[in-house]
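Asks:
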DNA sequence: GCGGTATACTTTGTTATACGAGGTATACGC
DNA sequence: GCGTATACCTCGTATAACAAAGTATACCGC
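Residue numbers (the working numbering), protein chains in the order written: chain A, 19 to 130; chain B, 19 to 130.
1) Measure the alpha-carbon distance for residue 93 of chain B versus residue 117 of chain A and round it to whole angstroms.
2) Starting from residue 27 of chain A, trace the alpha helix (DSSP H) both ways and give me its first and last residue.
3) Rounded to whole angstroms, what is the Cα-Cα separation between residue 65 of chain A and residue 49 of chain B?
4) With DSSP collapsed to three states, give me the class of residue 84 of chain B.
5) Take the Cβ of residue 90 of chain A as the centre, count every other Cβ of all protein chains shown within 10 Å, and call the residue buried at 16 or more, exposed below.
6) Return the chain-ordered list of same chain residues with a C-beta closer than 7 Å to the C-beta of residue 84 of chain A, the five sequence neighbours on each side being excluded.
7) Count the other C-beta atoms from every protein chain shown that fall within 10 angstroms of the C-beta of residue 38 of chain A, then say buried if there are 16 or more, exposed otherwise.
8) What does residue 25 of chain A touch in chain B if you count any residue whose Cβ is under 8 Å from its own?
9) Name, please, each residue of chain B whose Cβ falls closer than 7 Å to the Cβ of residue 55 of chain A.
10) How is the beta strand (DSSP E) around residue 70 of chain B delimited, first residue to last?
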């Protein structure tokens, strides 16, 4: 789906964190994983994803490690850290609250 | 609740539109209405709300009318327009998709 | 050994948005 | 006349998602 540009803001870090938490991933793989798992709802470009990964790593929420076996394209595999896991929990909670708030406000008008 | 700054982006127009749709409102009243109806989840400041109202009006999604009876503080009452109603429907649909996408991605990791 | 395609990572510039902080002005109770 | 609640307005800041463009390696058919 094509979202209004601003609607995704603040959610991307969370669902990226969640996806990495489930399975260690490198960037390029993550682009496809996100699209697949979300049934096509989220389709981040590489220009969006990579900078986010760098930032998450800088914050210590994920840890990247170069993984270049011989005869293989070198790639950076990320896995979630304990700190990242705590952040994910906090973010998920915030997300639930946002959803609840929206349900309270949208409920009435959309069911008219 | 205190949200990460960016999380609300893109959602505010939608829930403001929804609230105005339910009942014509002026700005100051809307600040309280939003807080009340969302059970304290959304607490927009006036510095956030007013500029959004101007923008929604400029786009023709809401229509404002000065309402200053004698012996009363003048105030601008907004009501939703037919165009605004269509926009609200579209935004609500986007919101549902976002929620669905997040559920797909967060589901696995948060239930671990 | 040559060309095309998929993989994999990187950087830059643009646009817009929520928010805090500050400001103005009127009604009303006491 | 004084404080408080009401009501509106404006500016500056931070930052986030994205498109677009670029680099470079592996693999496959021929």
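Built from N, CA and C at the ideal position, the CB exists for glycine as well.
Replies: Here's the rundown:
1) 31 Å
2) Note, residue 27 of chain A: premise wrong, no alpha helix (DSSP H); not H, not E.
3) 37 Å
4) strand
5) exposed
6) The answer, listed in chain order, is 92, 94.
7) buried
8) 27, 28, 29, 112, 113, 116
9) 122, 123
10) Here residue 70 of chain B belongs to no beta strand (DSSP E); instead the alpha helix (DSSP H) covers 64-76.
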